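Asks: Residue numbers (the numbering used here): 4 to 205.
My questions all concern the structure below.
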(Lines of atoms letter the chains of each structure in order from A and count residues from 1; the text may use other names and numbers.)
(Lines give C-alpha, C1' and ligand atoms only; values in the text may rest on other atoms or scores of the structure.)
Protein backbone atom coordinates (compact mmCIF):
# COMPACT_ATOMS: atom_id res chain seq x y z
CA UNK A 1 0.00 0.00 0.00
CA UNK A 2 2.83 2.35 0.88
CA UNK A 3 4.50 1.51 -2.43
CA UNK A 4 1.34 2.37 -4.40
CA UNK A 5 1.01 5.64 -2.54
CA UNK A 6 4.64 6.46 -3.22
CA UNK A 7 4.19 5.77 -6.94
CA UNK A 8 1.07 7.95 -7.13
CA UNK A 9 2.76 10.83 -5.33
CA UNK A 10 5.79 10.57 -7.60
CA UNK A 11 3.51 10.53 -10.68
CA UNK A 12 1.66 13.61 -9.47
CA UNK A 13 4.92 15.46 -8.84
CA UNK A 14 6.23 14.53 -12.28
CA UNK A 15 2.95 15.75 -13.84
CA UNK A 16 3.17 19.08 -12.04
CA UNK A 17 6.79 19.49 -13.08
CA UNK A 18 5.97 18.75 -16.73
CA UNK A 19 3.04 21.18 -16.66
CA UNK A 20 5.21 23.94 -15.21
CA UNK A 21 7.96 23.23 -17.75
CA UNK A 22 5.44 23.36 -20.61
CA UNK A 23 4.16 26.70 -19.37
CA UNK A 24 7.67 28.12 -19.25
CA UNK A 25 8.44 26.88 -22.76
CA UNK A 26 5.24 28.36 -24.17
CA UNK A 27 5.87 31.65 -22.43
CA UNK A 28 9.46 31.74 -23.68
CA UNK A 29 8.32 31.06 -27.26
CA UNK A 30 5.49 33.61 -26.90
CA UNK A 31 2.82 31.08 -27.81
CA UNK A 32 -0.76 31.85 -26.87
CA UNK A 33 -3.09 29.36 -25.27
CA UNK A 34 -6.05 31.47 -26.43
CA UNK A 35 -6.78 32.70 -29.99
CA UNK A 36 -5.28 36.06 -30.90
CA UNK A 37 -7.86 38.85 -31.06
CA UNK A 38 -9.25 39.23 -34.56
CA UNK A 39 -8.66 42.45 -36.47
CA UNK A 40 -11.63 44.83 -36.60
CA UNK A 41 -13.88 44.32 -39.65
CA UNK A 42 -13.68 46.75 -42.55
CA UNK A 43 -16.22 49.57 -42.24
CA UNK A 44 -19.37 49.06 -44.25
CA UNK A 45 -19.86 51.34 -47.26
CA UNK A 46 -23.47 52.27 -47.93
CA UNK A 47 -24.49 54.15 -51.07
CA UNK A 48 -26.36 57.16 -49.63
CA UNK A 49 -29.00 57.54 -52.34
CA UNK A 50 -29.98 53.88 -52.69
CA UNK A 51 -29.04 52.42 -49.32
CA UNK A 52 -27.22 49.58 -51.09
CA UNK A 53 -24.27 47.97 -49.33
CA UNK A 54 -21.29 48.45 -51.68
CA UNK A 55 -18.61 47.38 -49.20
CA UNK A 56 -17.46 44.57 -51.49
CA UNK A 57 -17.39 46.72 -54.64
CA UNK A 58 -13.94 47.30 -56.19
CA UNK A 59 -11.99 50.14 -54.55
CA UNK A 60 -11.87 52.02 -57.84
CA UNK A 61 -14.66 53.01 -60.21
CA UNK A 62 -14.63 53.74 -63.95
CA UNK A 63 -16.77 56.79 -64.64
CA UNK A 64 -18.27 57.87 -67.95
CA UNK A 65 -17.21 61.34 -69.05
CA UNK A 66 -19.84 64.04 -69.41
CA UNK A 67 -19.58 67.71 -70.35
CA UNK A 68 -21.81 70.53 -69.09
CA UNK A 69 -21.10 73.88 -70.75
CA UNK A 70 -22.67 76.85 -68.93
CA UNK A 71 -20.87 79.44 -71.05
CA UNK A 72 -21.49 81.12 -74.40
CA UNK A 73 -18.28 79.59 -75.76
CA UNK A 74 -18.28 76.33 -77.65
CA UNK A 75 -15.86 73.70 -76.40
CA UNK A 76 -13.62 71.74 -78.73
CA UNK A 77 -11.93 68.56 -77.58
CA UNK A 78 -12.10 67.98 -73.83
CA UNK A 79 -9.84 65.54 -71.98
CA UNK A 80 -9.83 64.38 -68.36
CA UNK A 81 -6.68 62.52 -67.31
CA UNK A 82 -5.89 62.03 -71.02
CA UNK A 83 -9.28 60.37 -71.65
CA UNK A 84 -11.20 62.03 -74.49
CA UNK A 85 -14.58 63.42 -73.46
CA UNK A 86 -15.80 64.87 -76.75
CA UNK A 87 -16.87 68.44 -77.52
CA UNK A 88 -19.87 70.59 -76.60
CA UNK A 89 -21.68 73.55 -78.05
CA UNK A 90 -22.44 76.61 -75.94
CA UNK A 91 -25.12 76.29 -73.24
CA UNK A 92 -25.50 72.53 -73.58
CA UNK A 93 -24.55 69.29 -71.85
CA UNK A 94 -24.03 65.63 -72.65
CA UNK A 95 -25.40 62.68 -70.76
CA UNK A 96 -22.04 61.00 -70.32
CA UNK A 97 -20.97 59.68 -73.71
CA UNK A 98 -17.41 58.41 -73.51
CA UNK A 99 -15.46 56.10 -71.22
CA UNK A 100 -13.71 56.34 -68.83
CA UNK A 101 -11.86 57.98 -65.97
CA UNK A 102 -10.82 55.88 -62.97
CA UNK A 103 -11.27 57.32 -59.49
CA UNK A 104 -11.13 55.84 -55.98
CA UNK A 105 -14.56 54.93 -54.66
CA UNK A 106 -13.74 56.74 -51.42
CA UNK A 107 -12.92 60.42 -51.85
CA UNK A 108 -9.87 61.76 -50.04
CA UNK A 109 -8.35 65.24 -49.66
CA UNK A 110 -5.91 66.13 -52.39
CA UNK A 111 -7.76 64.20 -55.10
CA UNK A 112 -7.19 65.95 -58.44
CA UNK A 113 -7.53 65.36 -62.16
CA UNK A 114 -5.82 66.99 -65.12
CA UNK A 115 -8.05 68.52 -67.78
CA UNK A 116 -7.22 69.82 -71.25
CA UNK A 117 -9.66 71.70 -73.47
CA UNK A 118 -10.06 74.31 -76.18
CA UNK A 119 -12.80 76.91 -76.60
CA UNK A 120 -14.15 78.12 -79.92
CA UNK A 121 -12.38 81.47 -79.49
CA UNK A 122 -9.09 79.72 -78.82
CA UNK A 123 -9.58 77.64 -81.97
CA UNK A 124 -10.15 80.74 -84.09
CA UNK A 125 -6.97 82.30 -82.74
CA UNK A 126 -4.88 79.13 -82.91
CA UNK A 127 -6.36 75.80 -84.10
CA UNK A 128 -3.70 73.88 -82.16
CA UNK A 129 -4.07 75.65 -78.83
CA UNK A 130 -5.19 73.99 -75.59
CA UNK A 131 -5.52 74.91 -71.95
CA UNK A 132 -4.31 72.36 -69.42
CA UNK A 133 -5.18 72.58 -65.72
CA UNK A 134 -5.11 70.54 -62.55
CA UNK A 135 -8.55 70.61 -60.95
CA UNK A 136 -9.41 69.57 -57.40
CA UNK A 137 -12.35 67.18 -57.15
CA UNK A 138 -14.88 68.31 -54.54
CA UNK A 139 -15.90 65.78 -51.91
CA UNK A 140 -18.23 63.01 -53.08
CA UNK A 141 -19.98 60.24 -51.20
CA UNK A 142 -19.23 56.65 -52.30
CA UNK A 143 -21.43 55.40 -55.14
CA UNK A 144 -21.53 52.33 -57.35
CA UNK A 145 -21.62 53.76 -60.85
CA UNK A 146 -21.94 57.13 -62.54
CA UNK A 147 -20.19 60.01 -64.25
CA UNK A 148 -17.32 62.43 -64.08
CA UNK A 149 -18.47 65.80 -65.38
CA UNK A 150 -16.32 68.52 -66.91
CA UNK A 151 -18.28 71.69 -66.15
CA UNK A 152 -17.31 74.91 -67.90
CA UNK A 153 -18.39 78.41 -66.85
CA UNK A 154 -17.82 82.00 -67.99
CA UNK A 155 -14.42 83.55 -67.29
CA UNK A 156 -12.74 80.22 -68.01
CA UNK A 157 -13.84 78.66 -64.73
CA UNK A 158 -13.71 74.86 -64.67
CA UNK A 159 -15.10 72.35 -62.22
CA UNK A 160 -14.92 68.56 -62.34
CA UNK A 161 -17.48 66.61 -60.33
CA UNK A 162 -17.79 62.86 -59.72
CA UNK A 163 -21.48 62.01 -59.38
CA UNK A 164 -24.07 59.27 -59.89
CA UNK A 165 -26.37 61.90 -61.46
CA UNK A 166 -26.05 64.40 -64.28
CA UNK A 167 -26.06 68.13 -63.40
CA UNK A 168 -29.59 69.49 -63.25
CA UNK A 169 -31.28 66.22 -62.30
CA UNK A 170 -32.77 65.64 -58.85
CA UNK A 171 -30.14 63.86 -56.80
CA UNK A 172 -27.22 65.84 -58.18
CA UNK A 173 -25.33 67.03 -55.14
CA UNK A 174 -25.57 70.75 -55.93
CA UNK A 175 -28.35 73.23 -56.61
CA UNK A 176 -27.74 74.03 -60.25
CA UNK A 177 -29.93 73.61 -63.31
CA UNK A 178 -29.33 72.07 -66.71
CA UNK A 179 -26.69 73.88 -68.76
CA UNK A 180 -29.16 74.90 -71.47
CA UNK A 181 -31.57 76.49 -68.94
CA UNK A 182 -29.53 77.79 -66.03
CA UNK A 183 -29.30 81.59 -66.08
CA UNK A 184 -29.33 82.33 -62.35
CA UNK A 185 -25.88 83.77 -61.71
CA UNK A 186 -26.35 83.61 -57.96
CA UNK A 187 -26.89 79.85 -58.13
CA UNK A 188 -23.91 79.49 -60.45
CA UNK A 189 -21.73 81.53 -58.07
CA UNK A 190 -22.91 79.40 -55.14
CA UNK A 191 -21.98 76.26 -57.07
CA UNK A 192 -18.55 77.61 -57.96
CA UNK A 193 -17.95 78.55 -54.33
CA UNK A 194 -19.07 75.14 -53.05
CA UNK A 195 -16.76 73.29 -55.44
CA UNK A 196 -13.65 75.45 -55.27
CA UNK A 197 -11.53 72.92 -53.39
CA UNK A 198 -11.85 74.34 -49.88
CA UNK A 199 -11.82 70.75 -48.55
CA UNK A 200 -8.06 70.99 -49.02
CA UNK A 201 -7.88 73.58 -46.25
CA UNK A 202 -9.92 71.63 -43.72
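Glycine is no exception: its CB is placed at the ideal position from the N, C-alpha and C atoms.
Here the structure is a predicted model, which means the values were calculated and not measured.
1. Taking buried to mean at least 16 other C-beta atoms within 10 Å of its own C-beta, is residue 141 buried or exposed?
2. Compute the beta-carbon to beta-carbon distance between residue 198 and residue 164, rounded to the nearest angstrom, for a pair I have assumed lies under 8 Å.
3. Please go through the same chain and pick out, in chain order, the residues whose beta-carbon is closer than 6 Å to the beta-carbon of residue 62, but skip the five residues on each side of it.
4. DSSP state of residue 169, grouped into three classes?
5. State buried or exposed for residue 134, treating a residue as buried only when at least 16 other CB atoms are found within 10 Å of its CB.
6. How is residue 96 classed by DSSP in three states: helix, strand or coil?
7. By the 10 Å Cβ neighbour count, where 16 or more other Cβ atoms means buried, how is residue 127 classified, buried or exposed?
8. In its own chain, which residues sit with a C-beta less than 7 Å from the C-beta of residue 71, not counting the 5 before and 5 after it?
9. In chain order, what residues of the same chain have a beta carbon less than 6 Å from the beta carbon of residue 79, not counting five sequence neighbours either side?
10. Using DSSP with H/G/I as helix, E/B as strand and the rest coil, what is residue 147?
11. Could you check the C-alpha separation between residue 187 and residue 168 for me, to the nearest Å?
Replies: For this structure:
1. It is buried - the Cβ of residue 141 has at least 16 other Cβ atoms within 10 Å.
2. Confirmed, Cβ separation roughly 7 Å.
3. Only 108 meet the Cβ criterion.
4. DSSP places residue 169 in the coil class of the three-state scheme, outside both helix and strand.
5. The residue is exposed, with fewer than 16 neighbouring Cβ atoms inside 10 Å.
6. In the structure shown, the three-state DSSP call for residue 96 is strand.
7. With fewer than 16 other Cβ atoms within 10 Å, it is exposed.
8. Cβ-Cβ distances below 7 Å link residue 71 to 96, 152, 154, 170 and 182 in the same chain, with the five nearest sequence neighbours on each side left out; the list follows chain order.
9. Result list for residue 79: 90, 121 and 126, in chain order.
10. The answer is coil: DSSP assigns residue 147 none of H, G, I, E or B.
11. Approximately 21 Å, taken between the alpha carbons.
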